[in-house]
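Asks: Dropping a structure here in structure tokens format, bear with me for questions.
2 protein chains.
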Amino acid sequence: MDATHGSREHHDGECRDDGDGLAFVPGPIGPDGLRQIDAYWRAANYLSVGQIYLMANPLLREPLKPEHVKPRLLGHWGTTPGLNFIYAHLNRVIRERDLDMIAVWGPGHGAPGLVANAYLEGTYAETYPDVAHDLDGMARLFRQFSFPGGIPSHASPELPGSIHEGGELGYSLAHAFGAALDNPGLTVACVVGDGEAETGPLAAAWHGNKFLDPRSDGTVLPILHLNGYKIANPTVLARIPREELRSLLVGYGYEPTFVEGDEPAIMHQAMAAALDAAFDAITEIRIRARRGEAGRPRWPLVVLRSPKGWTGPGSVDGKPVEGTWRSHQVPVAAVRENPEHRAILERWMRSYRPEELFTPDGSLVPDLAALPPRGPRRLSANPHANAHRGAPLRLPELRRLAVTVPERGRTKAEATRALGVYLRDVLTLNAEARNFRIMGPDETASNRLDAVFEVTSRAWQEEILPEDDHLGRDGRVMEVLSEHLCEGWLEGYVLTGRHGLFATYEAFAHVIDSMVNQHAKWLKSARDLPWRRPVPSLNILLSSHVWRQDHNGFSHQDPGFIDFVANKRGDTARIYLPPDANCLLCVMDHCLRTYDRINVVVAGKQPALQWLDMDAAARHCAAGVGIWDWASNEGEAEPDVVMACAGDVPTQETLAAVDWLRRYVPELKVRVVNVVDLMTLPARETHPHGLDDPTFDSLFTRDRPVMFAYHGYPWLIHRMTYKRTNHGNFHVHGFIEEGTTTTPFDMCVLNRLDRYHLAQAALRAVPGLGARGEHAEEALRDALAAHRVHVCRAGDDLPEVKDWSWPDRHGDEHPDRRRIEADIMQCDTAGAEEPRPARTADDRACNA
Amino acid sequence: MDATHGSREHHDGECRDDGDGLAFVPGPIGPDGLRQIDAYWRAANYLSVGQIYLMANPLLREPLKPEHVKPRLLGHWGTTPGLNFIYAHLNRVIRERDLDMIAVWGPGHGAPGLVANAYLEGTYAETYPDVAHDLDGMARLFRQFSFPGGIPSHASPELPGSIHEGGELGYSLAHAFGAALDNPGLTVACVVGDGEAETGPLAAAWHGNKFLDPRSDGTVLPILHLNGYKIANPTVLARIPREELRSLLVGYGYEPTFVEGDEPAIMHQAMAAALDAAFDAITEIRIRARRGEAGRPRWPLVVLRSPKGWTGPGSVDGKPVEGTWRSHQVPVAAVRENPEHRAILERWMRSYRPEELFTPDGSLVPDLAALPPRGPRRLSANPHANAHRGAPLRLPELRRLAVTVPERGRTKAEATRALGVYLRDVLTLNAEARNFRIMGPDETASNRLDAVFEVTSRAWQEEILPEDDHLGRDGRVMEVLSEHLCEGWLEGYVLTGRHGLFATYEAFAHVIDSMVNQHAKWLKSARDLPWRRPVPSLNILLSSHVWRQDHNGFSHQDPGFIDFVANKRGDTARIYLPPDANCLLCVMDHCLRTYDRINVVVAGKQPALQWLDMDAAARHCAAGVGIWDWASNEGEAEPDVVMACAGDVPTQETLAAVDWLRRYVPELKVRVVNVVDLMTLPARETHPHGLDDPTFDSLFTRDRPVMFAYHGYPWLIHRMTYKRTNHGNFHVHGFIEEGTTTTPFDMCVLNRLDRYHLAQAALRAVPGLGARGEHAEEALRDALAAHRVHVCRAGDDLPEVKDWSWPDRHGDEHPDRRRIEADIMQCDTAGAEEPRPARTADDRACNA
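Heads up: the protein sequence lines correspond to chains A and B, in order. In terms of full-length UniProt numbering, the numbers along the first sequence are unbroken and rise by one, the last being 848. In terms of full-length UniProt numbering, the numbers along the second sequence are unbroken and rise by one, the last being 848.
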């Protein structure tokens, strides 16, 4: 159903409804109701304008003077009256149908309207008692908005009922779908601005309806708000022909209803009818689905086309304002300096007839106070928006799931496969609570987490064919080839108090840098608000990590997501690099118990040597960093060299290097330090996990060379440790990314050779190793060269590299020792060549 | 027109067309043509399978043995036969219509097919003579694929004709639109996989048709390839009802034609008919538009629905493979170990009847060799895909556009406004060449670049209303509220040799982290290929930067994009922080002359003090870093303290701090160092712009305290300088991001107070300043406190902060000096309070 569109000529500063009341128009709302809902809308609009402009004289009880106006005007009016209109109508259907509803407001910079509504509902004063329903409270409400010491100009965590700031556009609809999952009674109204609708993440998010089970999930009701303009440009969806827009929305799988126009009375009736029809349809879909009837739901969607800056000044300085891009921020700006502008503002505010809306002491007139929903039915007080379902997960007994490690470094396991079993049990233990989900861009099985499919499936509402692999209507694994959607869904899910894990490619985690950034900011701000409940942590597993991109290209090589997360301030970010399967289980078990954090865990899926049994892993992960005595041979004295490592592949390479060193130069005293929790490295002032300096020094020594094999770019280790005593002796071996005629496969080979480079670097860092040192270096060079030749010919690693394991005997007891000693005897070290650079252009020509 | 769908039962390893030829089906192609195009397709398929599997015996002239097969199988078959099918049909229309066409292949991991086609067209052998059309060449072609020393498994820069790697999914269509701009004769065929279609950037990119002028731009022909599955999941667009998909594509503004099925003969005719219809429609649209006829074009689009792994093994080990997710990578895997699998591979390869396609010596049979287009009409040799339009820009005379700076630091200008005038002239000078565009998310005017609208407008093909601001069909400014689209269009534009600038919010530049990452990788790889022409640089202007987010929230605060770019290897990244308008002009003028780089320029739009006239700016920017003698008072001796700065706001704060120090402690010897080019800071081994150590030390001294005021997060400066002699004395004051009850406006105030913090830090770092130092510190504390009180009350800075300018007299000549001396005489320093912490919780309560 489409409302008709009517518009009028405006004179400077004239406002729609300029004191002329509202003629009745027939529709679902009766005459009293119509008057009331319009009055409520006017009240919200009045309070919105007040926040943007005033620092005193809130009820205009005296003529407006320059000193009543804020010196800097920093709000956004354009979208606000439309949001207020929607809010009033959502209130109506909530009351009429006793709905459990939260709302996600994509245009979060319309916060003056959302704050106004929370104030009208009483929630604001309940939360912030000094912003009460009286003249002082109203003055404070106005003054605090975008003012020093006050509140930000977006729908930030400070706003009760908000789970979405809307500062960076694109994520409203994904958040809404995430919030609706596993909340079968809930409706999430999601207002999508036509600006935001141009973003990629939003354009993809419409397809969330393919993943929402009408039996066990809630409903998302998108309200596409076309106000025609972004900042200075028209919007795409507002300018394409209406039939094309309808076709687009039908193509996205919705049943759209259009509400279009600018005459309030007509629009109220049209909006009420549209929402009534939408909720009738939602009820019908739910009933049929829950009865078990087959059929694919077409969820309703409302398109609201209303003027930008609706009810604001029609024109200013002879230029049209209402309905144009000039309404975007502050429609009339020189209010302190220019009496005409001030008069426009005053006329505008008075056009809402505040004297009919508020009592002289600043409280709401009883008629209006009775209008909004009550208690937790209020959009600003719905407990879903404050993580009320935030109970801890039930977690399995770790010891039962331990990977058996009979001898350190001699058996292999796939870390993520073990994690899959653990996650399967997490799903089982919380099946009834329905508060745990796994998201990912179609990599759950490829990342070897497929044990989860023993107890659940992949969520899918479209047709299911016989050859499909574990698809199900109520699957708890959400797979879509969009990191934005996975991340956005998970954010919406945890912000409403549930738990989850997002598993994705390490290199492409950068796709969600900005989303993670915004979530970190939300968490940081929310944590400072005592009334905000803690939110389960956002857990990100980076598997298919950069060291094993055999199937892919240079494009798949980038360990920089860690750097990005490490830039986040203070207590929000955690980065874990478990060296083996049991450590991965311990780390994940910890992450799933935490709240208000962003936990990044990096763990490979390939078969890899296992180092720690579950007891040792638990102790090691609890400490976050530690000396691996069993791999070290330092004895009582300080070691000659510290071999440090962080990450599964670097750990394996380090131990292979240590094995080499201990075989070739058994008198060299080596200490092995493994880092699981990267945040132990920076100073404690910087991060709560940071080691104090004495502890750091006791691990990394004050003066011995440290070879640090690290999973990512080496700079991060330097920047975290540059203030440490021994930083001058840190040699960090990070990931090398390479392009051009070096296939990823090459890179894996080169990176796998890090054992030789690490051993080489250690030998060079320790003086006075004499003939043995020289012989060891020569042997290293030979091994490197032999490996390269083999790889270029055979397309695979040499068996001694591929199949290396930690020996059961070391030093002089190692079976190789006799041969090595004999070699040293024969070796004419004087004739040794200059060491050839580790990686040369020649290496690339091996296929020529 | 829709083809009918037919399918067959498969037995293990059986392949479609298993030697049984092709029955004629009527359609646009005659019997000979049908046989030929099918043979060409079979040849491409054969060569694709060969690349994935074989390292010897390329023409199967002996029975397949384990040692002919690569030890590791690392390609993607699933999408490849579909790409080969499309390629063959694009060749047909190119020849029949003599089309100028390039193709963007979204599923770039179908590279075996694209490499095969470049080989069939002869381009591959022309580019890499050792991969010739003979048995040796074919063996090399097979062996090199995803093999050490060979080529990556994606459509990487090594592939002639490629401008799009397709490793990270989402950007194909944006690249295609970018390439089509200002190339009125060009068609860019863009294959969109149904996996990629789920990503946000791709979902938004369909709307590129709203920005393409049919008169002066080329055409994008999207080919949506539905093969049904991603890795393990079905795809959304392949599973929704066909009518819903049609509605979606119509809603995106296209006229779709469906080609669906799996019987080759039927599919060839259907595809040929679809492409004929598409190019008839394109011709019609172009003619009508260029005749000046009104009307909104509906561009054609082809939907190809074909089985995943089409023509591959029907089933393996009793499980269906062709047409299922099992075809995604390697459909039959245990080929070396398992004779049955090996037999399946051999049967599969022989099903293409290689003996009919290749002569015994490995060259193409003449019939097929004659089939592809000739010379530059070949998709793999079209010069657009090698930046042939890459002529330098004509650039305006800088001096003519200089901002007048009569006295340093005493007049204000808006740096980006000056840049707008410069860009206007760039547009004018290159109007005829049509090789320069500006992209941005609706911020060109808001970023005060609006002088460009004197000579051009914003590109817009939809309806234009009277109140719209500078919209035009052929506008050279592209504004859409999607950083992904802006970045993707610009990448496509520069990769085809044209120039441009992307201006965007600093905080939200993280949205495109991953895209910039991929572009950097492309540039790095492409630069090593001598046959690849240089590509104009990707220029990114970060305005509305983090220091001035008065209108916005915590969400808008993040200077970390610089950190991200600084992580890119070697010679690709450049980061410039011009301190004023003339420096911005010099920097941008330089950037627009460069090739193969990613230039990031950070510059504010607010009125700010100007420091350098054009001559001085040119010298300063050429050096990248330098001592500002005119602001320093060090004389002959080494300074007591170095006040360094990088960024426009930090520079102003530093000079205000220096003014304070010189007023209060005139005997303190201060050196001011300004950094424009951030890449001068790291060591020369790390970046070619890095200063050598002696030069670095001559600027920053070997042992004096350095107060470094920096635009972004402080860690980056530390990580760039930790190896420098004097790093231990570096105190970096970076940007502070804060949330919760600290409005952005507060932050601007706090950040503006950095002048006091910098002065304070300098005083504390220099010992022995005695009573004067103590008095200066006290004065600083008082000034800070007074400012806070004023800001909380008035909502604006104190006038002496807001209106500060660089004085014309310094030290003892400064008019304040007499008062300060008198104060020192009176001051009872013994009674001074403990310094209060710079920023306390109290500051936040100022509105209470």
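Glycine included, C-beta positions come from ideal geometry on N, C-alpha and C. Since this is a predicted model, take the numbers as computed values, not measurements.
Using the three-state DSSP reduction, which class does Asp361(B) fall into: helix, strand or coil?
Replies: Start at 1 with the first residue of the second sequence, and residue 361(B) comes out as number 361. Coil.
Asks: Mapping DSSP to helix, strand and coil, what is Ser543(B)?
Replies: Locating residue 543(B) in the second sequence gives position 543, counting from the first residue. Residue state, collapsed to three classes: strand.
Asks: Compare the C-beta of residue 880(A) against all C-beta atoms of chain B and say whether one is closer than 9 angstroms.
Replies: Summary: the structure shown does not reach residue 880(A), with chain A confined to residues 1 through 848, and so no result is reported for it.
Asks: Could you tell me whether the Cβ of Glu126(B) comes closer than 9 angstroms to any Cβ of chain A?
Replies: Locating residue 126(B) in the second sequence gives position 126, counting from the first residue. Under the 9 angstroms criterion on CB atoms, Glu126(B) is classed as non-interfacial with respect to chain A.
Asks: With a 10 Å radius around its C-beta and 16 neighbouring C-beta atoms as the bar for buried, classify Leu364(A) as buried or exposed.
Replies: Walking along the first sequence from the start, residue 364(A) turns up at place 364. Looking at its Cβ environment, which holds 16 or more other Cβ atoms inside 10 Å, Leu364(A) is buried.
Asks: Between Leu83(A) and Leu141(A), which are expected to be in contact by the criterion C-beta below 8 angstroms, what is the C-beta distance as a whole number of angstroms?
Replies: Taking the first sequence and counting its residues from 1, the one referred to as residue 83(A) is at position 83. Taking the first sequence and counting its residues from 1, the one referred to as residue 141(A) is at position 141. That belief does not hold up - the Cβ atoms of Leu83(A) and Leu141(A) are roughly 17 angstroms apart, past 8 angstroms.
Asks: Using the beta-carbon of each residue, which ones in chain A are nearer than 9 angstroms to Cys792(B)?
Replies: Position 792 of the second sequence, counting from 1, holds the residue named residue 792(B). Here the neighbours are Phe147, Pro148 and Gly149.
Asks: Against His68(A), what residues of chain B qualify as contacts under a CB-to-CB distance less than 8 angstroms, listed in chain order?
Replies: Counting from one through the first sequence, the residue named residue 68(A) turns up at place 68. Here the premise fails: no neighbours, minimum Cβ distance about 12 angstroms.
Asks: Give a yes or no on whether 9 angstroms exceeds the smallest Cβ distance from Gly261(B) to chain A.
Replies: Within the second sequence, numbered from 1, the residue matching residue 261(B) stands at position 261. Closer than 9 angstroms: no.
Asks: With the cut-off set at 9 angstroms, would you say Ala281(A) and Glu255(A) are in Cβ contact?
Replies: Start at 1 with the first residue of the first sequence, and residue 281(A) comes out as number 281. Start at 1 with the first residue of the first sequence, and residue 255(A) comes out as number 255. Yes, Cβ-Cβ distance for Ala281(A) and Glu255(A) is below 9 angstroms.
Asks: In whole angstroms, what separates the C-alpha of Pro744(B) from that of Gly178(B)?
Replies: Numbered from its first residue, the second sequence carries residue 744(B) at position 744. Numbered from its first residue, the second sequence carries residue 178(B) at position 178. Any reading at Pro744(B) needs caution, since the residue's pLDDT is 41, under 50, leaving its predicted position unreliable; the model's value is listed next. Roughly 36 angstroms separates the two Cα atoms.
Asks: So Ser172(B) contacts chain A; which residues on that side make the cut at Cβ distance below 8 angstroms?
Replies: To locate residue 172(B), count along the second sequence from 1; it is residue 172. Residues of chain A passing the Cβ test: none, with the nearest at roughly 13 angstroms.
Asks: When DSSP builds the beta bridges, which residues end up paired with Tyr576(A)?
Replies: Within the first sequence, residue 576(A) is the residue found at index 576, counting from 1. Residue pairing of Tyr576(A) in beta bridges, as defined by DSSP: Val601(A) and Asp677(A).
Asks: What did DSSP end up calling Arg498(A) once you bin it into helix, strand or coil?
Replies: The residue given as residue 498(A) occupies position 498 in the first sequence. Three-state result, Arg498(A): coil.
Asks: Applying a beta-carbon distance threshold of less than 7 angstroms, which residues of chain A neighbour Arg474(B)?
Replies: Translated into positions along the second sequence, residue 474(B) becomes position 474. The sequence as given places Asp at residue 474(B); Arg does not occur at that position. Listed along chain A, no residue sits closer than 7 angstroms to Asp474(B) by beta-carbon distance, the nearest being about 16 angstroms off.
Asks: Looking at the secondary structure, which residues open and close the beta strand (DSSP E) in which His225(B) lies?
Replies: Stepping through the second sequence from its first residue, residue 225(B) is reached at position 225. Counting along the chain, the beta strand (DSSP E) containing His225(B) begins and ends at Thr219 to Leu226.
Asks: In whole angstroms, what is the alpha-carbon distance linking Pro383(A) and Gly166(A)?
Replies: Looking up residue 383(A) in the first sequence gives position 383. Looking up residue 166(A) in the first sequence gives position 166. If I take the Cα positions, the gap works out to 20 angstroms.
Asks: What does a CB cutoff of less than 7 angstroms around Thr572(B) pick up in its chain, not counting 5 residues either side in sequence?
Replies: On the second sequence, residue 572(B) is found 572 positions in, with the first residue counted as 1. Only Ala520, Leu523, Lys524, Arg597 and Ile598 meet the Cβ criterion.
Asks: Classify Pro607(B) as helix, strand or coil using the three-state DSSP reduction.
Replies: Residue numbering aside, residue 607(B) sits at position 607 when the second sequence is read from its first letter. DSSP places Pro607(B) in strand when its eight states are reduced to three.
Asks: Any Cβ of chain B within less than 9 angstroms of the Cβ of Gly795(A)?
Replies: Here residue 795(A) is taken as the residue at index 795 of the first sequence, counted from 1. With 9 angstroms as the cut-off, Gly795(A) counts as an interface residue toward chain B.
Asks: How would you write the range of the alpha helix (DSSP H) that Phe561(A) sits in, first residue to last?
Replies: Taking the first residue of the first sequence as 1, we reach residue 561(A) at position 561. Looking at the DSSP string, the run of the alpha helix (DSSP H) that includes Phe561(A) is Phe561 to Ala566.
Asks: Please classify Lys308(B): is it buried, with 16 or more other beta-carbons within 10 angstroms of its beta-carbon, or exposed?
Replies: Indexing the second sequence from 1 puts residue 308(B) at position 308. With 16 or more other Cβ atoms within 10 Å, it is buried.
Asks: Under 9 angstroms between C-beta atoms, does Ile240(A) make it to chain B?
Replies: Along the first sequence, read from residue 1 onward, the residue named residue 240(A) stands at position 240. Interface residue, yes.
Asks: Between Glu14(B) and chain A, is any beta-carbon pair separated by less than 9 angstroms?
Replies: Your numbering for residue 14(B) matches position 14 in the second sequence. Glu14(B) does not count as touching chain A.
Asks: In terms of residue numbering, what span does the beta strand (DSSP E) encompassing Arg710(B) cover?
Replies: Position 710 of the second sequence holds residue 710(B). Arg is not the amino acid found at residue 710(B); the sequence shown has Tyr there. Tyr710(B) -> beta strand (DSSP E) spans Val706 to Tyr710.
Asks: Any contact between the segment 472-484 of chain A and the segment 193-200 of chain B? By contact I mean 3 or more CB pairs, one from each, below 8 angstroms.
Replies: Between the segment 472-484 of chain A and the segment 193-200 of chain B, the count of C-beta pairs closer than 8 angstroms reaches three or more; the two stretches touch.
Asks: What whole-angstrom Cβ distance do Leu761(A) and Val706(A) have, given they're in contact under 8 angstroms?
Replies: The sequence position of residue 761(A) within the first sequence is 761, counting from 1. The sequence position of residue 706(A) within the first sequence is 706, counting from 1. It should be pointed out that residue 761(A) corresponds to Ala in this sequence rather than to Leu. Between Val706(A) and Ala761(A) the Cβ distance is about 10 angstroms, and since that is not below 8 angstroms, they are no contact.
Asks: Does the distance from the CB of Arg724(A) to the CB of Asp697(A) come in under 9 angstroms?
Replies: Looking up residue 724(A) in the first sequence gives position 724. Looking up residue 697(A) in the first sequence gives position 697. In this structure, Asp697(A) lies closer than 9 angstroms to Arg724(A) by Cβ.
Asks: Which residues share a DSSP beta bridge with Ile151(A)?
Replies: As a position in the first sequence, residue 151(A) is number 151, starting the count at 1. Looking at the DSSP output, Ile151(A) sits in a beta bridge with Phe145(A).
Asks: Taking contact to mean at least 3 C-beta pairs separated by less than 8 angstroms, is the segment 584-594 of chain B in contact with the segment 422-433 of chain B?
Replies: Yes: at least three Cβ pairs fall under 8 angstroms.
Asks: Does any C-beta atom of chain B lie closer than 9 angstroms to the C-beta of Lys230(A)?
Replies: In the first sequence, the residue the question calls residue 230(A) occupies position 230. For Lys230(A), the answer is yes, since a Cβ of chain B falls inside 9 angstroms of its Cβ.
Asks: Counting only Cβ pairs nearer than 7 angstroms, list the residues of chain B close to Lys210(A).
Replies: Within the first sequence, the letter at position 210 stands for residue 210(A). Result: Val236.
Asks: According to DSSP, simplified to helix, strand and coil, what is residue 851(B)?
Replies: There is simply no residue 851(B) to check, as chain B begins at 1 and stops at 848 in what is shown.
Asks: From the DSSP output, in three-state form, read off Leu538(A) for me.
Replies: As a first step, residue 538(A) must be located in the first sequence, where it is residue number 538. Strand at Leu538(A).
Asks: Would you list, in sequence order, the uninterrupted beta strand (DSSP E) runs of no fewer than 3 residues that lie entirely inside the segment 237-287 of chain B?
Replies: If we require 3 residues or more, the beta strand (DSSP E) runs fully inside the segment 237-287 of chain B come out as 254-260.
Asks: Using the rule of at least 16 other Cβ atoms within 10 Å of the residue's Cβ for burial, across every protein chain shown, is Leu538(A) buried or exposed?
Replies: Position 538 of the first sequence, counting from 1, holds the residue named residue 538(A). With 16 or more other Cβ atoms within 10 Å, it is buried.
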